[in-house]
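Trainee: Mapped onto the numbering used here, the consecutive letters of the sequence shown carry residue numbers 20 to 165.
Shown below is the structure under consideration.
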Amino acid sequence: MQEVLGAGVLLLLCIAIGYSEPTFHVAPDTISGWNGSGDYWLGFDNVNGLVINGSGTINGRGSTWWSRSQESTRPRAVHFDNCNNQVTGISVVNSPMCHISINQCTGVSISRIHINSPADSPNTDGIDIASSTYVDVRNSIIKSGK
């Protein structure tokens, strides 16, 4: 199953319901399609006890953005701000910039995730952690660009 979601989406409904099979969530394939927040595609703010668990893939379709690598407006694929959460088993691929960003969070557990972008994709960090405490990343594969 493939689902195209607009920018700045809160994916809480999809997560709460869950899918019985792996799902591919893909970002808009044009820059104009990212008309929500310029900072991130999927965002979670002030969520207590968030659990993202599954085998789905979040595809940021970053190739449209990579030629604009010097611009600070490239969005991150998934962003957590002031949350405590658990992320397990998902894949995040081809983000325009950082794949997962964690800001001002406490008690974050990330395990068995797969992050992948081409070796020549500019500044596509795997996980950026800022102003956060008790963040645990383990048993994951992270391959990001230059």
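Note that CB positions come from ideal geometry on N, CA and C, so glycine has one too.
Computed from a prediction, not measured in an experiment: that's the story for all the values here.
(1) How is the alpha helix (DSSP H) around THR83 delimited, first residue to last?
(2) Which same chain residues end up closer than 7 Å to SER128 when comparing Cβ atoms and leaving out the 5 residues on each side of it in sequence?
(3) Cα separation between ILE121 and ASN158?
(4) Could you tell me whether the Cβ atoms of SER82 and SER140 are closer together than 9 Å?
(5) So THR143 and GLY164 are in contact, right, with Cβ under 8 Å, and what is the actual spacing, rounded?
(6) To the nearest angstrom, report how far apart HIS98 and ALA138 are at their CA atoms.
(7) Within the stretch 70-134, note down every full alpha helix (DSSP H) run reaching 4 residues or more, in order along the chain.
Mentor: This is what the structure gives:
(1) 82-85
(2) GLN105 and ASP155
(3) 18 Å
(4) yes
(5) 4 Å
(6) 22 Å
(7) As far as the stretch 70-134 is concerned, its whole alpha helix (DSSP H) runs of at least 4 residues are 82-85.
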